[in-house]
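Chains as they are written, first to last, in the numbering used here: chain A, 1 to 418; chain B, 419 to 621.
By construction, the Cβ of each residue, glycine as well, lies at the ideal position given by its N, Cα and C atoms.
Heads up: the structure comes next, in structure tokens.
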Amino acid sequence: MRWADLFAMSLGNYGRARLRSVLTTAGVAIGTALVVLLIALATGAEDNVRRSVFSIGDLRLVTVQPFQPGANGLSAVPRTITDEVVAQLRRIGHVESMFRQFDAPLGTIVEGGDDATIRPQGIEPNAPVDRGDLLAGRHLALGDRAVAVVPGNIARLIAPSVASAIGRRVTMRIGGAVKLGSTRIGGSGTPRDYGITVIGVFDEQASGTSVRIPLDDALAAGADNRGLTPDTIKQSTGYSGIAIEADDSTNVADIVRGVQELGFSSFSLKQVIEQIDQGFGVFRGILAGIGGVALLVAAIGIANTMVMSVLERTREIGIMKAVGASPRDIRALFLAEAAYVGAFGGIVGVALGIAGGQVIERIIRNLNPRTNPGPIFVVGPDLILAAFALAVVVALVAGFLPARRAMRMSALSALRYE
Amino acid sequence: MGVPAVEMQGLERVYRSGRSTVAALAGVTMAVERGEFVAVMGPSGSGKSTLLNILAEAALARHRARRVGMVFQAFNLLPRYRVVENVALPLAFAGVEPAARHAKARALLERLGMAARAEHRTNELSGGELQRAAVARALVADPAILLADEPTGNLDSASGATLIGIFEELNAHGQTVLLVTHDAQIAAHAGRIVRMRDGRIAE
Numbered sequence: 001m002r003w004a005d006l007f008a009m010s011l012g013n014y015g016r017a018r019l020r021s022v023l024t025t026a027g028v029a030i031g032t033a034l035v036v037l038l039i040a041l042a043t044g045a046e047d048n049v050r051r052s053v054f055s056i057g058d059l060r061l062v063t064v065q066p067f068q069p070g071a072n073g074l075s076a077v078p079r080t081i082t083d084e085v086v087a088q089l090r091r092i093g094h095v096e097s098m099f100r101q102f103d104a105p106l107g108t109i110v111e112g113g114d115d116a117t118i119r120p121q122g123i124e125p126n127a128p129v130d131r132g133d134l135l136a137g138r139h140l141a142l143g144d145r146a147v148a149v150v151p152g153n154i155a156r157l158i159a160p161s162v163a164s165a166i167g168r169r170v171t172m173r174i175g176g177a178v179k180l181g182s183t184r185i186g187g188s189g190t191p192r193d194y195g196i197t198v199i200g201v202f203d204e205q206a207s208g209t210s211v212r213i214p215l216d217d218a219l220a221a222g223a224d225n226r227g228l229t230p231d232t233i234k235q236s237t238g239y240s241g242i243a244i245e246a247d248d249s250t251n252v253a254d255i256v257r258g259v260q261e262l263g264f265s266s267f268s269l270k271q272v273i274e275q276i277d278q279g280f281g282v283f284r285g286i287l288a289g290i291g292g293v294a295l296l297v298a299a300i301g302i303a304n305t306m307v308m309s310v311l312e313r314t315r316e317i318g319i320m321k322a323v324g325a326s327p328r329d330i331r332a333l334f335l336a337e338a339a340y341v342g343a344f345g346g347i348v349g350v351a352l353g354i355a356g357g358q359v360i361e362r363i364i365r366n367l368n369p370r371t372n373p374g375p376i377f378v379v380g381p382d383l384i385l386a387a388f389a390l391a392v393v394v395a396l397v398a399g400f401l402p403a404r405r406a407m408r409m410s411a412l413s414a415l416r417y418e
Numbered sequence: 419m420g421v422p423a424v425e426m427q428g429l430e431r432v433y434r435s436g437r438s439t440v441a442a443l444a445g446v447t448m449a450v451e452r453g454e455f456v457a458v459m460g461p462s463g464s465g466k467s468t469l470l471n472i473l474a475e476a477a478l479a480r481h482r483a484r485r486v487g488m489v490f491q492a493f494n495l496l497p498r499y500r501v502v503e504n505v506a507l508p509l510a511f512a513g514v515e516p517a518a519r520h521a522k523a524r525a526l527l528e529r530l531g532m533a534a535r536a537e538h539r540t541n542e543l544s545g546g547e548l549q550r551a552a553v554a555r556a557l558v559a560d561p562a563i564l565l566a567d568e569p570t571g572n573l574d575s576a577s578g579a580t581l582i583g584i585f586e587e588l589n590a591h592g593q594t595v596l597l598v599t600h601d602a603q604i605a606a607h608a609g610r611i612v613r614m615r616d617g618r619i620a621e
């Protein structure tokens, strides 16, 4: 039998019991629409989260933390990042650049008053934290000493405007009691004052208390605070963290593994995103499962309709067999009819899912105009194709047993069936 | 002796119902030669229809349905297709493309005096016309043998006479025909009559 005849004949069969075909198809359409809608919702949510994660920072970045990951449920064990460790880290493959960081004890900018509590971060020039977020001035540069890049809110405490803070000499008091929010805490060691020049002001969105100072200044201040030398503090306390930049974000996993092999804990946005992806995979799976149940109900509907249809057309099947239809022709006719249910249901369902998503999105935006501007439902071409294919496959599977039943009917006893 | 189109040897069929068994066919040996027109006659229950069914089943089981053309008492046309489509149906299953199979179907309908009815639906036809369409359908794939099971059973006598005339004419052109009937007048048109009784050939 030719394909064109097969599809023409089964289309005729599909169109004959119109109400029944329409109802069965509607079942498939609703199931498909639900699958599309729920997956689109999950995709939209994932896109939104990913977008906000991407906006936080660089995917190539791995931060080495001064502790060892705790094994299975145990808490992390502190470990010292010495210069030796730094040298070992540098030997990991795909490392493009490394930046050491040492956080000095909490302190204040004296001219800013009680509220100007700071966390002095000793960093190297061009460190990832000190990039592209300036409101005024410049970033740290090689050879800088006794300078600071301060957040906007601190700048406004010590000068009338952000711009006028640049070049101002202020006193940085490290150690001793500080005010954090509304509580005063004792702080560490004896307070000591350092004269510094403000060279840059960054947007305080990143942090309202971090003050970026040269690494050597921070090490010296930390050592002073505890009555040590910078070299001994490097050995005993170690660095607060190492920022590693990979040559490419795809190699981040390799670097993370290298860091772990050295016995240090690490943090990277890339890992966070992978975890997000994993989490959303589960979320999407659950939603697709809910849609799948609707599709399963539709499949049972198809199977039921087809069983009825086979019974009703017993005589017709007998006639077809008697005039030369092979059992495979008969099966193909019924499967093609099921495929029509799946295909029409799939097309209508995908359209319904997309339209439904837009309607729901509009309603949500009307109710709450401040909703996240990213689309809530995201329907890509792969989702459209997959949903359509799923509808057809489900219909074919549902039609298989009834089709086989038709195929196996004996021609002449079918002819005697009234 | 001619070449046999169908040959049966010691054909038996036993129906079991509960404890008792009924032998519908109790050893039938016969042959239909090519070009022959044979009528199998007998009262109901004599096994004549069983004989025909076994021939048809054997042909179907071997996927050689195209080697036999079947005509039934109940016509068995598909009501949702036009007459020409019904006639062409065996060729559709044989994979013949629409233009060619419809041309052949129309030619056959014309030969059977049905040209004017080709585009009609089956519910617009009389019994005699339906059966002629069914004969056209049985012939469209050029079968080796035409099997007819009480083809005049649902027809008035005039239509029956026309139909049997068609069978005679087909046979005159070389078509092998095996006809089952209980009507002696119909059977009289055949070249040879085989009488059956109680599952056996009577003489």
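Rounded C-beta distance between alanine 148 of chain A and arginine 79 of chain A? I'm assuming under 8 Å. Position 148 of the first sequence, counting from 1, holds the residue named residue 148 of chain A. Position 79 of the first sequence, counting from 1, holds the residue named residue 79 of chain A. Incorrect: roughly 29 Å between the Cβ atoms, too far for contact.
7 Å Cβ shell around glycine 70 of chain A - same chain, five flanking residues per side excluded:
Sequence index remark: in the first sequence, residue 70 of chain A carries index 70 (1-based). Closer than 7 Å at Cβ, skipping near neighbours: Ala76, Val77.
I'd like the list of long-range same chain contacts for glycine 353 of chain A, defined as Cβ closer than 6 Å, with 5 residues on each side in sequence excluded. Counting from 1 along the first sequence, the entry for residue 353 of chain A is found at position 353. The residues are Ala33, Val36, Leu37.
Inset, instruction - Enumerate, from N- to C-terminal direction, the unbroken beta strand (DSSP E) stretches of 3 or more residues contained entirely within the segment 167-240 of chain A. - result: 169-174, 178-180, 183-185, 192-202, 210-214
Would you verify that the beta carbon of valine 310 of chain A is, or is not, closer than 8 Å to some beta carbon of chain B?
In the first sequence, residue 310 of chain A corresponds to position 310, counting from 1. It does not; no Cβ of chain B falls within 8 Å.
Please list, in chain order, the chain A residues whose beta carbon lies closer than 7 Å to that of methionine 488 of chain B. Locating residue 488 of chain B in the second sequence gives position 70, where the first residue counts as 1. Neighbours of methionine 488 of chain B on chain A, chain order: Ala322.
Helix, strand or coil for valine 36 of chain A? Go by DSSP, reduced to three states.
Numbered from its first residue, the first sequence carries residue 36 of chain A at position 36. Of the three classes helix, strand and coil, the one that applies to valine 36 of chain A here is helix, per DSSP.
Notebook entry, point to check: For a contact meaning CB atoms closer than 9 Å, what does leucine 469 of chain B contact in chain A?
Noted result: Numbered from its first residue, the second sequence carries residue 469 of chain B at position 51. Going along chain A, no residue has its Cβ under 9 Å from leucine 469 of chain B, so there is no contact; the nearest lies around 13 Å.
Please go through the segment 460-489 of chain B and give each complete beta strand (DSSP E) segment of 3 or more residues, from N-terminal end onward.
486-489
Q) Rounded to a whole number of angstroms, what is the C-alpha to C-alpha distance between asparagine 423 of chain A and proline 230 of chain A? A) This structure does not reach residue 423 of chain A, given that chain A is present from 1 up to 418, and the question cannot be answered.
Same chain only: Cβ atoms within 8 Å of arginine 404 of chain A, ignoring 5 sequence neighbours per side | Reading the first sequence from its first residue, position 404 is the one you call residue 404 of chain A. These residues qualify, in order along the chain: Arg331.
Q: Confirm, please, whether the CB-CB distance from isoleucine 166 of chain A to proline 191 of chain A is below 8 Å.
A: As a position in the first sequence, residue 191 of chain A is number 191, starting the count at 1. As a position in the first sequence, residue 166 of chain A is number 166, starting the count at 1. No.
Q.
Excluding the 5 residues flanking arginine 498 of chain B on each side, which residues of the same chain have their C-beta closer than 7 Å to its C-beta?
A. Taking the first residue of the second sequence as position 1, residue 498 of chain B is located at position 80. Same-chain partners within the cutoff: there are none.
| Do alanine 536 of chain B and valine 489 of chain B have their CB atoms nearer than 8 Å? | Locating residue 536 of chain B in the second sequence gives position 118, counting from the first residue. Locating residue 489 of chain B in the second sequence gives position 71, counting from the first residue. Taking 8 Å as the Cβ cut-off, alanine 536 of chain B and valine 489 of chain B do not qualify as a contacting pair.
* Taking buried to mean at least 16 other C-beta atoms within 10 Å of its own C-beta, is tyrosine 239 of chain A buried or exposed? -> Numbered from its first residue, the first sequence carries residue 239 of chain A at position 239. It is buried - the Cβ of tyrosine 239 of chain A has at least 16 other Cβ atoms within 10 Å.
Cβ-based contacts, 7 Å cut-off: residues of the segment 498-529 of chain B near chain A: Arg498, Leu507, Pro508, Ala510, Phe511, Ala512, Gly513, Glu515
>> Tell me the rounded alpha-carbon separation between alanine 206 of chain A and alanine 116 of chain A.
In response: Taking the first residue of the first sequence as position 1, residue 206 of chain A is located at position 206. Taking the first residue of the first sequence as position 1, residue 116 of chain A is located at position 116. One C-alpha to the other measures close to 16 Å.
CB contact check: alanine 554 of chain B to chain A, cutoff 8 Å:
Here the question's residue 554 of chain B lines up with position 136 in the second sequence. For alanine 554 of chain B, the answer is no, since every Cβ of chain A falls outside 8 Å of its Cβ.
* To do: Within the same chain, show all residues whose beta-carbon is closer than 6 Å to that of asparagine 589 of chain B, passing over the 5 residues directly before and after it, in chain order.
  => What you label residue 589 of chain B is simply residue 171 of the second sequence in a count that begins at 1. Answer for asparagine 589 of chain B: Phe455, Val595, listed in chain order.
Got a sec: is the Cβ-Cβ distance from leucine 415 of chain A to anything in chain B below 8 Å? Position 415 of the first sequence, counting from 1, holds the residue named residue 415 of chain A. It does; some Cβ of chain B falls within 8 Å.
What is the DSSP secondary structure of valine 323 of chain A, reduced to helix, strand or coil?
As a first step, residue 323 of chain A must be located in the first sequence, where it is residue number 323. Coil at valine 323 of chain A, not helix or strand.
What beta strand (DSSP E) runs, 3 residues minimum, are completely inside the segment 529-590 of chain B? 563-567
- prompt: Are histidine 94 of chain A and isoleucine 255 of chain A close, meaning C-beta to C-beta below 8 Å?
  reply: Numbered from 1 along the first sequence, position 94 holds the residue referred to as residue 94 of chain A. Numbered from 1 along the first sequence, position 255 holds the residue referred to as residue 255 of chain A. Against a cut-off of 8 Å, the Cβ pair of isoleucine 255 of chain A and histidine 94 of chain A comes out as a contact.
- request: Between the Cα of serine 164 of chain A and those of A:Ala141, A:Leu228, A:Ala136, spot the shortest distance and give me the residue it belongs to.
  value: On the first sequence, position 164 is the one that residue 164 of chain A refers to. Closest option to serine 164 of chain A, Cα to Cα, is A:Ala136.
- Message: Can you confirm whether alanine 536 of chain B, when its beta carbon is compared against all beta carbons of chain A, has any partner nearer than 8 Å?
- Response: Here residue 536 of chain B corresponds to residue number 118 of the second sequence, with the count starting at 1. Chain A, which has no Cβ nearer than 8 Å to the Cβ of alanine 536 of chain B, makes this no.
Requested in this report: Kindly indicate the opening and closing residues of the beta strand (DSSP E) around tyrosine 433 of chain B.
Outcome: For the purposes of this step, residue 433 of chain B is taken as the residue at position 15 of the second sequence. Looking at the DSSP string, the run of the beta strand (DSSP E) that includes tyrosine 433 of chain B is 422-435.
What is the DSSP secondary structure of valine 378 of chain A, reduced to helix, strand or coil?
-> If you number the first sequence from 1, residue 378 of chain A lands on position 378. It is coil, neither helix nor strand.
Exercise for the section: Out of A:Gly279, A:Arg119, A:Gly113, A:Phe99, state which residue places its alpha-carbon closest to the alpha-carbon of leucine 106 of chain A. Expected result: Numbered from 1 along the first sequence, position 106 holds the residue referred to as residue 106 of chain A. Ranking the options by Cα distance to leucine 106 of chain A, first place goes to A:Arg119.
_Strictly under 8 Å for the Cβ-Cβ distance: is leucine 478 of chain B near chain A by that measure?_
For the purposes of this step, residue 478 of chain B is taken as the residue at position 60 of the second sequence. Leucine 478 of chain B counts as touching chain A.
Q. Relative to the alpha-carbon of leucine 526 of chain B, which residue among B:Leu543, B:Ile584, B:Ala476 has its alpha-carbon at the smallest distance?
A. Your numbering for residue 526 of chain B matches position 108 in the second sequence. Residue B:Ile584 is the option with its Cα nearest to leucine 526 of chain B.
- request: For arginine 16 of chain A, go through chain B and note every residue whose CB falls closer than 8 Å to its CB, in chain order.
  value: Against the first sequence, residue 16 of chain A aligns to sequence position 16. Residues of chain B passing the Cβ test: Arg498.
If the cut-off is 9 Å on Cβ atoms, which residues from the segment 325-347 of chain A count as contacting chain B, listed in chain order?
Ala325, Ser326, Pro327, Asp329
Could you please give me the residues that DSSP links to isoleucine 300 of chain A through a beta bridge? Your numbering for residue 300 of chain A matches position 300 in the first sequence. DSSP output for isoleucine 300 of chain A lists no bridge partner at all.
Which term fits aspartate 217 of chain A, buried or exposed, when burial requires 16 or more other beta carbons within 10 angstroms of its beta carbon?
-> The count along the first sequence starts at 1 and reaches residue 217 of chain A at position 217. Aspartate 217 of chain A comes out buried.
Counting only runs of 3+ residues fully inside the segment 90-155 of chain A, write out the beta strand (DSSP E) ranges in chain order. 95-103, 107-109, 117-123, 134-137, 147-151
Review point. What are the start and end residues of the beta strand (DSSP E) that includes phenylalanine 267 of chain A?
Key: Counting from one through the first sequence, the residue named residue 267 of chain A turns up at place 267. 265-268 is the extent of the beta strand (DSSP E) around phenylalanine 267 of chain A.
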